[in-house]
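**Student:** First the structure, which I've put down as structure tokens, then a few questions once you've had a look.
There are 2 protein chains.
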Amino acid sequence: MHSEFDLITRFLAPASAGSEAGVELGVGDDCALLEPTPGERLAVSVDTSVADVHFPASAPPHAIGHRALAVSLSDLAAMGARARWCVMSLTLPEADGDWVADFADGFHALCRTTGVALTGGDVSRGELAVGVTVMGEVPPAMALTRAGARPGDCLAVTGFLGGGAGGLARWREGERDLATPLLRRYLLPQPRLVAGVALRGLASSAIDISDGLQADLGHLCQASGVGVVLSPDALPLAEGLVEALGEPGARQAALCGGDDYELLVTLPPACLEEAQRRLAAQGLPLTEIGRITAEPGMSGVEASTSPGWRHFPGEAP
Amino acid sequence: MHSEFDLITRFLAPASAGSEAGVELGVGDDCALLEPTPGERLAVSVDTSVADVHFPASAPPHAIGHRALAVSLSDLAAMGARARWCVMSLTLPEADGDWVADFADGFHALCRTTGVALTGGDVSRGELAVGVTVMGEVPPAMALTRAGARPGDCLAVTGFLGGGAGGLARWREGERDLATPLLRRYLLPQPRLVAGVALRGLASSAIDISDGLQADLGHLCQASGVGVVLSPDALPLAEGLVEALGEPGARQAALCGGDDYELLVTLPPACLEEAQRRLAAQGLPLTEIGRITAEPGMSGVEASTSPGWRHFPGEAP
Chain A
2 MHSEFDLITR FLAPASAGSE AGVELGVGDD CALLEPTPGE RLAVSVDTSV
52 ADVHFPASAP PHAIGHRALA VSLSDLAAMG ARARWCVMSL TLPEADGDWV
102 ADFADGFHAL CRTTGVALTG GDVSRGELAV GVTVMGEVPP AMALTRAGAR
152 PGDCLAVTGF LGGGAGGLAR WREGERDLAT PLLRRYLLPQ PRLVAGVALR
202 GLASSAIDIS DGLQADLGHL CQASGVGVVL SPDALPLAEG LVEALGEPGA
252 RQAALCGGDD YELLVTLPPA CLEEAQRRLA AQGLPLTEIG RITAEPGMSG
302 VEASTSPGWR HFPGEAP
Chain B
2 MHSEFDLITR FLAPASAGSE AGVELGVGDD CALLEPTPGE RLAVSVDTSV
52 ADVHFPASAP PHAIGHRALA VSLSDLAAMG ARARWCVMSL TLPEADGDWV
102 ADFADGFHAL CRTTGVALTG GDVSRGELAV GVTVMGEVPP AMALTRAGAR
152 PGDCLAVTGF LGGGAGGLAR WREGERDLAT PLLRRYLLPQ PRLVAGVALR
202 GLASSAIDIS DGLQADLGHL CQASGVGVVL SPDALPLAEG LVEALGEPGA
252 RQAALCGGDD YELLVTLPPA CLEEAQRRLA AQGLPLTEIG RITAEPGMSG
302 VEASTSPGWR HFPGEAP
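If you read the protein sequences in the order shown, they are chains A and B. Each residue of the first sequence is one higher than the one before, starting from 2 at the first, in my numbering. Each residue of the second sequence is one higher than the one before, starting from 2 at the first, in my numbering.
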């Protein structure tokens with residue numbers, strides 16, 4: 002049994018070292034002290050992942066740590082921001098040192114690969130949940146908001162769709178091998194941070210797909226005051242999705258499934274090829290899946306009965 | 002029953018208006034975009050308040066909202082930082098619109114009185130808990146860390162002690178009138194932000210009292226590599242505390258009780274009077290309660306059996 006302080010020290014300590022990343026004071030005082038880049042905007046977002054709402058409580062702890070950070074970082078990616086810092090709040094029902102160590106491994110590993118410094122945290126007793134606030138930076142007027150889509154723009158998506166929903170389906174069937182591509186997509190999503198930065202100056206708007214393509218596309222169109230003609234046949238399907246769900250199920254998962262954490266962007270047609278070239282250099286496809294229209298509304302798909310991934314009332318995974 | 006999106010819109014909308022406070026883009030996109038003050042350090046802290054661990058689940062919702070923000074802001078106060086922005090993560094078992102509206106009232110009211118802009122949020126289904134990440138600013142080298150106490154410094158505390166523990170005791174006895182001074186101290190603590198800024202350049206170190214005077218003093222001494230002679234008779238007791246707990250109980254509450262959210266600071270003796278003058282201008286006493294020593298350890302009090310407010314294993318209020 003560990004005290005709150007012991008736990009914090011144990012699982013946050015690895016990241017307080019290494020202050021090259023604009024961290025004047027890391028974990029261990031009342032606040033972290035950070036050094037923002039002069040002239041840049043600070044991009045901030047928070048996401049909380051609750052056990053058996055957003056992820057299975059019995060998932061491997063390192064995947065829970067990775068995933069909780071990844072879904073927050075995905076918001077920075079969608080803004081075209083460079084990820085810099087994060088703080089994390091963990092509530093857990095009991096102080097299980099092995100669980101926390103494995104959780105921290107997954108969290109810290111993603112910190113390292115994305116260049117993010119964990120600069121503070123908080124551990125409480127409670128239902129298993131992880132809240133992560135991420136902070137990034139972006140030069141003024143370079144941020145990719147949801148509001149910039151213009152009629153005539155291409156609609157495009159990074160990577161592949163439906164993997165989140167497909168992975169959840171495989172999990173429910175009892176699959177536990179994280180090497181399974183769909184399970185990896187569901188439990189170990191990769192935030193598209195490098196892609197987001199590469200799309201600065203090309204994309205006119207962006208959002209990350211957390212609630213499902215159709216729902217998030219709706220948010221983007223609403224914020225931009227535009228409509229869209231979607232090409233459902235063009236949706237890039239995740240590896241193994243048709244095998245797992247059948248053709249109609251796969252298309253439905255790509256359209257309405259949540260947890261894909263790909264970027265949905267709009268671009269002037271003249272910018273599409275350059276954007277595809279930049280992302281191909283990262284090994285990431287950028288697929289055109291529709292066209293923005295002046296007239297509001299979404300055509301090309303039937304009105305879905307699924308409103309996307311909603312937590313009230315939510316279905317536990 | 003409201004969807005996550007409806008709830009967020011309803012309870013966050015009031016704060017997205019009014020962008021005078023360095024908010025280029027508030028609630029409603031993937032991230033908030035903030036404008037840090039050039040040359041200042043960004044102070045960041047997160048605290049999560051869990052129902053029946055940190056506060057009674059049946060407390061008035063507006064008090065829960067106030068308190069969750071207050072405890073995070075208290076960390077900025079202890080750093081001498083000016084509070085600027087916050088993001089909030091709320092998990093709640095059901096989407097009760099009246100509850101959320103009252104909760105939001107309490108949260109927003111404290112935002113207004115402290116000049117903090119709520120710039121983002123996240124609502125999930127789960128056990129009732131509120132995580133608040135606060136961001137503030139402080140000029141380089143002006144931050145009040147825990148590590149600056151020097152032998153010979155005075156130890157002083159703002160306001161009065163024991164009110165948090167006394168209020169919790171009254172709550173357990175069935176008191177529900179928020180006009181009761183002790184209950185106010187427990188459920189509606191006031192973060193000492195103005196005091197923290199006023200102590201810049203005078204205090205050599207600071208910490209806020211969340212885990213109890215003795216526990217937090219221990220943290221400060223450890224970070225500074227010093228010891229302390231405490232004057233227990235000098236502790237300023239909260240109004241109504243002796244009546245509620247008796248003399249020995251009151252002294253114990255002041256020494257070991259949590260949730261006071263006063264500032265514990267050290268100052269060179271020559272600075273004490275000026276610090277008291279500045280805080281008196283805010284109507285806040287600053288009481289000398291001990292002296293920092295070169296020799297580690299805490300004298301003046303018996304070794305306490307209470308290690309302060311710990312959440313593992315924690316006692317529910």
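Glycine included, C-beta positions come from ideal geometry on N, C-alpha and C.
Would you check whether the ligand SAM has a heavy atom nearer than 7 Å to the C-beta of A:GLY219?
**Tutor:** You won't find the ligand SAM in this model; it holds no ligand whatsoever.
**Student:** Is the beta carbon of B:VAL124 closer than 8 Å to that of B:ALA69?
**Tutor:** Sequence index remark: in the second sequence, residue 69 of chain B carries index 68 (1-based). Sequence index remark: in the second sequence, residue 124 of chain B carries index 123 (1-based). No; because the gap between Cβ atoms is not below 8 Å, this pair is not in contact.
**Student:** Taking the straight line between their C-alpha atoms, what separation do you get for B:THR146 and B:ILE210?
**Tutor:** Position 145 of the second sequence, counted from the start, is the residue given in the question as residue 146 of chain B. Position 209 of the second sequence, counted from the start, is the residue given in the question as residue 210 of chain B. Straight-line Cα distance between these residues: approximately 14 Å.
**Student:** For B:SER73, count neighbouring C-beta atoms within 10 Å of its own C-beta (all shown protein chains included) and say buried if the count is 16 or more, exposed if not.
**Tutor:** On the second sequence, position 72 is the one that residue 73 of chain B refers to. Counting Cβ neighbours within 10 Å, B:SER73 comes out buried, since at least 16 surround it.
**Student:** Return the residues of the region 35–52 of chain B that lie within a Cβ-Cβ distance of less than 7 Å from chain A, sorted by chain order.
**Tutor:** Within the region 35–52 of chain B, the qualifying residues are LEU35, GLU36, PRO37, PRO39, ARG42, LEU43, ALA44, VAL45, SER46, VAL47, ASP48, THR49 and VAL51.
**Student:** Please list, in chain order, all residues of the same chain as A:LEU273 whose beta carbon is under 6 Å from its beta carbon, the five residues on each side excluded.
**Tutor:** What you label residue 273 of chain A is simply residue 272 of the first sequence in a count that begins at 1. Around A:LEU273: CYS155.
**Student:** Could you tell me whether any Cβ in chain A is nearer than 8 Å to the Cβ of B:VAL198?
**Tutor:** Residue numbering aside, residue 198 of chain B sits at position 197 when the second sequence is read from its first letter. Not closer than 8 Å to any Cβ of chain A, the Cβ of B:VAL198 fails to qualify, so no.
**Student:** Should A:LEU242 and A:GLY175 be called a contact, given that it needs their Cβ atoms to be closer than 8 Å?
**Tutor:** In the first sequence, counting from the first residue as 1, residue 242 of chain A sits at position 241. In the first sequence, counting from the first residue as 1, residue 175 of chain A sits at position 174. Inclusion of A:LEU242 and A:GLY175 in the CB contact set at 8 Å is not warranted, their separation being larger than that value.
**Student:** So if I threshold CB-CB distances at 8 Å, which residues from the region 107–130 of chain B count as touching chain A?
**Tutor:** THR120, GLY121, GLY122, ASP123, VAL124, SER125, ARG126, GLY127, GLU128 and ALA130
**Student:** Please classify B:GLY122 as buried or exposed, where buried requires at least 16 other C-beta atoms within 10 Å of its C-beta.
**Tutor:** For the purposes of this step, residue 122 of chain B is identified with residue 121 of the second sequence, where counting begins at 1. B:GLY122 should be labelled buried.
**Student:** Kindly confirm or deny that the region 135–151 of chain B and the region 94–103 of chain B touch, where touching means at least three C-beta pairs closer than 8 Å.
**Tutor:** no
**Student:** So, does the region 189–206 of chain B touch the region 267–283 of chain B, judging by three or more C-beta pairs under 8 Å?
**Tutor:** yes
**Student:** Please name the residue or residues paired with B:ASP209 in a DSSP beta bridge.
**Tutor:** Within the second sequence, residue 209 of chain B is the residue found at index 208, counting from 1. Note: B:ASP209 sits in a beta bridge opposite B:LEU264.
**Student:** Determine, using beta carbons only, whether B:LEU194 and B:LEU265 come nearer to each other than 8 Å.
**Tutor:** Here residue 194 of chain B corresponds to residue number 193 of the second sequence, with the count starting at 1. Here residue 265 of chain B corresponds to residue number 264 of the second sequence, with the count starting at 1. For B:LEU194 and B:LEU265, no; Cβs fall outside 8 Å.
**Student:** Within the 8 Å Cβ cut-off, does A:CYS222 reach chain B?
**Tutor:** On the first sequence, residue 222 of chain A is found 221 positions in, with the first residue counted as 1. With 8 Å as the cut-off, A:CYS222 does not count as an interface residue toward chain B.
**Student:** For the region 138–166 of chain B, which residues have a CB atom closer than 9 Å to at least one CB atom of chain A, in sequence order?
**Tutor:** Listed by position, the residues of the region 138–166 of chain B near chain A (Cβ gap below 9 Å) are VAL139, PRO141, ALA144, LEU145, THR146, ARG147 and ALA148.
**Student:** Since B:THR92 contacts B:LEU129 with CB under 8 Å, what's their CB separation in whole angstroms?
**Tutor:** Taking the first residue of the second sequence as position 1, residue 92 of chain B is located at position 91. Taking the first residue of the second sequence as position 1, residue 129 of chain B is located at position 128. Correct: roughly 7 Å between the Cβ atoms.
**Student:** Taking 6 Å as the limit between beta carbons, can you name the residues of its chain near A:LEU287, skipping five residues before and five after?
**Tutor:** As a working note, residue 287 of chain A is residue 286 in the first sequence. Cβ neighbours of A:LEU287 beyond the five flanking positions: ALA157, THR159, ALA276, GLN277 and LEU280.
**Student:** Would you check if there are 3 or more beta carbon pairs closer than 8 Å linking the region 26–37 of chain A to the region 27–42 of chain B?
**Tutor:** yes
**Student:** Given 8 Å as the limit, is there contact between the region 222–232 of chain B and the region 103–113 of chain B, that is, 3 or more CB pairs closer than that?
**Tutor:** no
**Student:** Any idea if A:ASP234 is buried or exposed, counting beta-carbon neighbours within 10 angstroms, 16 or more meaning buried?
**Tutor:** Residue mapping note: residue 234 of chain A aligns to position 233 of the first sequence, counting from 1. Result: exposed.
**Student:** For the beta strand (DSSP E) containing B:ARG292, list its first residue and its last residue.
**Tutor:** Mapped onto the second sequence, residue 292 of chain B falls at position 291. Boundaries of the beta strand (DSSP E) around B:ARG292: 287–294.
**Student:** Does any residue of chain B have a CB that is nearer than 8 Å to the CB of A:ALA82?
**Tutor:** Working through the first sequence from its first residue, we reach residue 82 of chain A at position 81. Chain B contact via Cβ: present.
**Student:** Does the beta carbon of B:GLY132 sit closer than 8 Å to a beta carbon anywhere in chain A?
**Tutor:** Your numbering for residue 132 of chain B matches position 131 in the second sequence. Yes, B:GLY132 counts as interfacial toward chain A.
**Student:** Helix, strand or coil: which one does DSSP assign to B:LEU1?
**Tutor:** Residue 1 of chain B lies beyond the residue range present for chain B, which begins at 2 and ends at 318; the question has no answer from this structure.
**Student:** Report, in whole angstroms, the separation of the C-beta atoms of B:ALA144 and B:GLY81, which I expect to be a contact under 8 Å.
**Tutor:** By one-based count along the second sequence, residue 144 of chain B stands at place 143. By one-based count along the second sequence, residue 81 of chain B stands at place 80. With 8 Å as the limit, B:ALA144 and B:GLY81 qualify as a contact, their Cβ atoms being about 6 Å apart.
**Student:** Is A:SER73 helix, strand or coil by DSSP?
**Tutor:** As a working mapping, residue 73 of chain A is identified with position 72 in the first sequence. Under the three-state reduction of DSSP, A:SER73 is assigned to helix.
**Student:** Measuring straight from C-alpha to C-alpha, what distance separates A:MET299 and A:GLY219?
**Tutor:** Counting from 1 along the first sequence, the entry for residue 299 of chain A is found at position 298. Counting from 1 along the first sequence, the entry for residue 219 of chain A is found at position 218. Between A:MET299 and A:GLY219, the C-alpha separation is close to 8 Å.
**Student:** Tell me, to the nearest whole angstrom, how far the beta carbon of B:ALA78 is from that of B:PRO192; I am working on the premise that it is less than 8 Å.
**Tutor:** Walking along the second sequence from the start, residue 78 of chain B turns up at place 77. Walking along the second sequence from the start, residue 192 of chain B turns up at place 191. Contact holds; Cβ gap of about 5 Å.
**Student:** Of all the CB atoms in chain B, is at least one closer than 8 Å to the CB of A:LEU26?
**Tutor:** Numbered from its first residue, the first sequence carries residue 26 of chain A at position 25. Yes, A:LEU26 lies at the interface with chain B (some Cβ there is under 8 Å from its Cβ).
**Student:** Given that a residue counts as buried once 16 or more other Cβ atoms are within 10 Å of its Cβ, and exposed if not, what is A:THR267?
**Tutor:** The count along the first sequence starts at 1 and reaches residue 267 of chain A at position 266. By the 10 Å Cβ count, A:THR267 comes out buried.
**Student:** Do A:LEU188 and A:LEU238 count as a contact pair if the criterion is CB distance below 8 Å?
**Tutor:** Taking the first sequence and counting its residues from 1, one reaches residue 238 of chain A at position 237. Taking the first sequence and counting its residues from 1, one reaches residue 188 of chain A at position 187. For A:LEU238 and A:LEU188, no; Cβs fall outside 8 Å.
**Student:** Kindly indicate which three-state DSSP category B:GLU25 falls into: helix, strand or coil?
**Tutor:** In the second sequence, counting from the first residue as 1, residue 25 of chain B sits at position 24. B:GLU25 falls in the strand class under three-state DSSP.
**Student:** Using a cut-off of 7 Å between C-beta atoms, extract the partners of A:CYS32 located in chain B.
**Tutor:** Along the first sequence, one-based indexing puts residue 32 of chain A at 31. Simply ALA44, VAL45, SER46, ASP76, LEU77, MET80 and ALA82.
**Student:** Using a C-beta to C-beta distance shorter than 7 Å, which residues of chain B count as neighbours of A:SER90?
**Tutor:** Locating residue 90 of chain A in the first sequence gives position 89, counting from the first residue. Ordered by position in chain B, the residues that pass the 7 Å Cβ test against A:SER90 are VAL47, THR49 and GLY132.
**Student:** First and last residue of the alpha helix (DSSP H) that includes B:THR159?
**Tutor:** Locating residue 159 of chain B in the second sequence gives position 158, where the first residue counts as 1. Segment 155–159 is the beta strand (DSSP E) holding B:THR159; no alpha helix (DSSP H) there.
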